[in-house]
Amino acid sequence: MTTARFLKARDIAPWLEELSTAYTVLAPARHGDTVVFRDFNPANGIDMEHLSATPAKKALLPPCETLFEYKTTKTEEPPYKTAIELHPTLPEGKVLVFGARPCDARAMQIFDRVYDGNQARDPYYTARRNNATIVTLACDHQEETCFCDRVGGSPVDATGSDVLLTPLKAGYVAEALTDKGETLLNSTTFMKADGLKQEALNARHKMLEQVPDRSSFLDMERNLLSLFSDLGFWDKTAQACLSCGACTYLCPTCYCFNITDESHGDSGKRIRTWDNCMSSQFTLEGSGHNPRPTKAHRMRNRIGHKFSYYPQLHDKTLACVGCGRCISNCPVSFDIRNAVACAIQQADAAREHAHD
Amino acid sequence: MTQHTQELRKLIAQELPNLDVVLAWTHGHNSLTSTPLFITTQEDLEKLDSGPMHVQNLAAYLPSLKGRKVGIVTRGCDSRTIIELLQEKLIERKNITIFGISCSGAVNIRAVRRAVNGESVRSVQADGDSITVTTNHGTHTLRMQDVLMDKCYTCTNQTPIIHDHMVIAQTADHVPGDAPQTTLDALDSMEPGERFAFWEEHMDRCIRCYACRNACPLCVCKDSCVAQSRDPHWLDQSDTPREKLMFQAIHALHSAGRCTECGECERACPMGIPVLAMKQALNRRIKHLFDYQAGMDAQSTPPLFMFRQQEENIKERDAR
C-alpha cells in the first residue's frame with residue numbers, strides 16, 4: 401500500500417528548504433526568460449507551470465564533472481623523471497530532483513541501461529544515481545510539441561519516479577512509489593491524504609483523456625535501418641539543420657560525453673563534459689578521417705540512435721521520451737516528429753515498390 | 238495566403254528552372270514558428286510562406302551552397318549579410334538570385350511568450366499592426382510594435398539594398414514603435430563590476446551548444462572553431478562562466494566590423510542569453526573609429542581587412 405500525502409502549493413518552498421539541509425535540491429526555476437533546472441533557492445522561486453527548457457538530466461550526468469585531479473612532479477636532477485599523483489573524485493552527497501516531468505524521470509532509466517547495466521558500470525554515474533531521489537510532477541496539459549504518448553510514455557507516467565505529484569486545486573497529492581519516496585513523505589510538511597488517492601487517480605485519468613489519438617513511433621527499428629543507405633533522404637531531412645548541439649544538450653535521453661585533460665601548469669583535472677553527435681568533431685578521427693562528414697550523416701545517426709539502434713539493444717525501448725524540447729528550442733524549428741513520420745512513409749513506400 | 242506571398246511564389250516559379258535551389262521559409266511546428274524551406278520543385282514551392290513570423294536569416298546557408306545556383310528570399314537586413322558575404326568572397330554574385338521582399342518587421346517569439354505570460358501557444362494570426370495569439374487559456378491581441386525583434390525598431394532598410402527581383406505588393410507599412418531598452422543600453426549604464434556580474438549570471442545557464450555560432454552567417458570557421466580546438470587551446474571544456482564568456486568574446490572579436498547585427502546568434506540561443514550586445518558594442522567602436530557599417534556596400538573593403546599606415550581616427554603616432 402503506497403503512502404499518499406497532500407502538499408499545499410504554499411508549502412513547497414518551505415519543504416524544499418527543509419530538504420536543502422540534507423540534499424542538493426534541483427528544481428525548475430526561471431533564469432532570465434528561460435525555465436531551467438537549477439539549485440533551489442527560495443529567491444529564484446519555482447516554476448511548476450512550464451516545461452523547463454533544460455531537462456533534469458544534470459542530476460545524473462552533469463554538463464561537466466571531474467573524474468580525477470592530477471599533479472605532476474619532476475625530479476630536480478637528471479634524468480628528470482616525472483611522477484604523477486592522481487586524486488579520484490567520486491561524487492558524494494544526496495541530490496533531490498523536484499518537479500521532474502514524467503518524460504524526465506523515464507529518461508533516467510534510459511541512462512541506467514547504458515551506465516549501470518550488465519556490460520558496464522560507470523562508478524561516477526552509479527554513485528549519483530544511488531544518491532538521487534526523483535520527485536515527479538504529473539503534467540496537467542501537453543504542450544503543442546509534446547509527444548510522450550507516441551513513444552511509450554504518458555503525461556502522468558510514474559516510471560522512474562520515487563514520488564509522483566498529481567496537481568489538484570490548491571496543491572498536490574504526493575504518492576510514494578519507492579522506499580526513498582516513503583522516507584521523503586515522512587516530513588511534517590505534508591497532510592495525510594490517503595482519501596485523496598482516488599481524486600488524484602481521477603485527475604490523471606482526465607489528463608489521459610485529453611491525449612489525442614495519434615500514431616505511435618514504437619517498433620520501427622527495421623524501418624529506419626532500411627533507410628540507412630538512402631543518403632538522399634537524410635540530406636533532405638537535414639537541409640535546414642545548423643548542426644549546433646541545442647537539441648542534444650536539451651535532450652533528457654542524450655548521454656554522450658567527451659573526456660579532456662585540462663592542465664594548468666603542472667596540475668590539472670580530467671573532466672567529462674557533454675558532447676553532441678550533431679557536431680562534426682564528434683566522430684573526427686585522429687587520422688583526419690570523418691565517418692560522418694556531413695550533417696545528413698549526423699542527423700541519420702541522431703534519429704537512428706533514438707528510434708532504431710538503442711531499441712534494438714535495449715528491449716525495444718526508444719531512446720526518446722517525447723518531451724519536445726528539441727523541437728521547441730531549435731533555432732530552425734526542426735521537428736523530429738516529422739522526420740520520423742517521413743522515414744516511416746519512405747520505408748513503407750520502398751517496401752511496396754520492392755513487392756511490385 | 239497574402240498577395241505578397243502569391244507574388245513571391247510567382248516570381249520564384251519563373252526562375253526555378255534556372256536554379257538548383259531557392260531558400261525561403263515555411264511554417265514550423267505551429268504558426269508562431271518558421272523553418273527554412275529549400276525549394277527544388279513546384280511541390281516545395283507550394284509550402285512557401287512569408288510574413289512577420291518568418292524570421293531566420295536565410296543568408297546563413299549561402300556559404301555552404303557555394304558553387305551552386307541559389308535563389309534566396311531576402312529582407313532588408315538579410316541583404317546586408319549577403320553584401321558582407323560578397324565582400325568577403327564567401328559567395329559569388331553570379332550564382333545568387335535575390336528575391337527581395339519589403340519587410341514590415343519580424344516577430345520576436347520570446348517577446349510574444351512574455352506578453353502572453355508564458356501560456357502555451359496554440360496558434361498565431363498576424364494581421365497588419367497586431368497579432369492574435371491563441372493559448373491554452375484564451376486569446377490575446379498584441380500590438381505588433383510591442384513584440385518585434387530588437388533590430389526592427391532601428392531598421393533603416395525595409396527593402397533589400399541589393400536584389401534581382403522585387404516583390405511589389407506590400408502587406409503593411411513598417412510598423413514604427415518606440416524601441417524598448419536594449420541590452421546594450423542597459424550595459425552602458427552599468428559600472429564594469431556590474432557588467433561582469435551581468436555576464437557571469439547569464440553565462441551560467443549557457444549550455445555550450447554553439448547555436449549562436451552555427452546560426453551566425455559570418456561564422457565561417459565552424460568545424461575548425463577555436464572553441465573545440467585542443468591546439469591551440471584557447472578554451473578548456475570546463476563548464477564555467479569564464480570559459481563560456483571567453484567564447485563569446487572571441488565570437489564578438491571575430492565578427493567586429495563584419496557583423497551586420499542580424500541577431501541570429503541571440504535568436505538561436507535556446508537559453509535566451511542576450512549575446513548580440515557584445516557584437517553591437519564592438520560595431521559601435523568600428524563606426525566611431527572607421528565610420529563604417531558592415532554590409533552596406535559590396536564594393537567597399539571592411540576596415541579590419543586592410544591596413545593603412547595612418548588611420549584618420551586612430552591617433553597612434555600622436556599619442557607616442
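Chains as they are written, first to last, in our numbering: chain A, 401 to 756; chain B, 238 to 557.
Where is the CB? At the ideal position from N, CA and C, for every residue including glycine.
By DSSP's criteria, A:E485 is part of a beta bridge. Which residues make up the other side? A:K471
Which value, in whole angstroms, describes the spacing of the CA atoms of A:I446 and B:F336? 47 Å
Per DSSP, B:H264 forms a beta bridge with which residues? B:S271
Would you call the stretch 516-534 of chain A and the stretch 475-484 of chain A in contact, with 3 or more CB pairs under 8 Å? no
Per-residue DSSP class, three states only, for B:Y447: coil
Compute the distance between the beta-carbons of A:M591 and A:C641, then report whether it is under 8 Å. Not closer than 8 Å, so no.
Cβ pair B:G532, B:T477 closer than 8 Å: no
So that I know if they touch, is there some Cβ in chain B lying closer than 8 Å to that of A:Y470? Under the Cβ criterion of 8 Å, A:Y470 is not counted among the residues facing chain B.
Would you list, in chain order, the members of the stretch 453-479 of chain A that have their beta-carbon closer than 8 Å to a beta-carbon of chain B? A453, T454, P462, P463 and C464
Could you tell me whether the stretch 493-505 of chain A touches the stretch 408-423 of chain A, using the rule of 3 or more Cβ pairs below 8 Å? yes
Amino acids of chain A, ordered along the chain, whose beta-carbon sits closer than 8 Å to that of B:C456: In chain order: nothing, as chain A lies at least about 10 Å away.
Provide the residue span of the alpha helix (DSSP H) that contains B:P429, from first to last. P429 to M440
Report back the beta-carbon spacing between B:V258 and B:F275 to the nearest angstrom; my notes put them in contact at under 8 Å. 5 Å
Quick check on the DSSP output: the beta strand (DSSP E) that includes A:N658 runs from which residue to which? F657 to H664
For B:C446 and A:L650, what's the separation of their Cα atoms in angstroms? Going by the C-alpha atoms only, they are around 9 Å apart.
Any idea which residues DSSP pairs B:H377 with across the strands? DSSP, once it has assigned bridges, lists B:V370 as partnering B:H377.
The stretch 370-381 of chain B: positions lying closer than 7 Å to chain A by Cβ: Taking 7 Å as the Cβ-Cβ cut-off against chain A, the residues of the stretch 370-381 of chain B that qualify are N373.
Mind pulling the chain A residues with CB within less than 7 Å of B:R451? With the sequence shown as reference, residue 451 of chain B is identified as Asn, and Arg is not the correct amino acid for it. Below the 7 Å Cβ cutoff, chain A contributes L642, S643 and C644 as neighbours of B:N451, in chain order.
A:C726 and A:M678 look like a contact to me (Cβ under 8 Å); what is the Cβ gap, rounded to whole Å? Between the beta-carbon of A:C726 and that of A:M678 there is about 10 Å, and that puts the pair past the 8 Å contact cut.
Contact set for A:L684: own chain, Cβ-Cβ below 6 Å, skip 5 residues either direction: Result list for A:L684: N690, in chain order.
Using a Cβ-Cβ cut-off of less than 9 Å, give me the residues of the stretch 490-510 of chain B that come near chain A, in sequence order. E501, R504, A505, C506, P507, M508, G509 and I510
B:I444 CB to nearest chain A CB: under 8 Å? Interface annotation, B:I444: in contact with chain A, CB-CB separation under 8 Å.
Where the alpha helix (DSSP H) through A:I510 begins and ends: For A:I510, the enclosing alpha helix (DSSP H) begins and ends at P502 to Y515.
Do A:T466 and A:I671 have their C-beta atoms closer together than 8 Å? yes
Within the 8 Å Cβ cut-off, does A:N518 reach chain E? Although the question refers to chain E, the structure presented lacks it and instead comprises the protein chains A and B.
I need the boundaries of the beta strand (DSSP E) containing B:W471, first residue and last residue. Where B:W471 is concerned, there is no enclosing beta strand (DSSP E), given that its DSSP letter is neither H nor E.
Distance between A:V514 and A:A520 (C-alpha atoms, nearest Å): 7 Å
Would you say B:D460 faces chain A, with C-beta separation under 8 Å as the test? yes
Nearest to B:N373 by alpha carbon, out of A:K695, A:E544, A:T403 and A:P414? Among A:K695, A:E544, A:T403 and A:P414, the Cα nearest to that of B:N373 is on A:E544.
Per-residue DSSP class, three states only, for A:H541: Assigned with DSSP and collapsed to three states, A:H541 falls in coil, not helix or strand.
The beta strand (DSSP E) spanning A:T434 covers which residue range? T434 to D439
Run through the stretch 631-699 of chain A for me and flag every whole beta strand (DSSP E) of 3 or more residues, listed as ranges in chain order. Whole beta strand (DSSP E) segments, 3+ residues: 657-664 and 667-674.
Nearest-angstrom Cα separation, counted from B:I320 out to B:A489: 19 Å
Let's test the definition: count the other Cβ atoms within 10 Å of the Cβ of B:S360 and tell me whether it reaches 16, buried, or not, exposed. exposed
Here's the rule: buried if 16 or more other CB atoms are within 10 angstroms of the residue's CB, otherwise exposed. What is B:F544? exposed
Quick one: Cα of B:Q546 to Cα of A:G722, how far? Rounded to whole angstroms, B:Q546 to A:G722 spans 60 Å at the Cα level.
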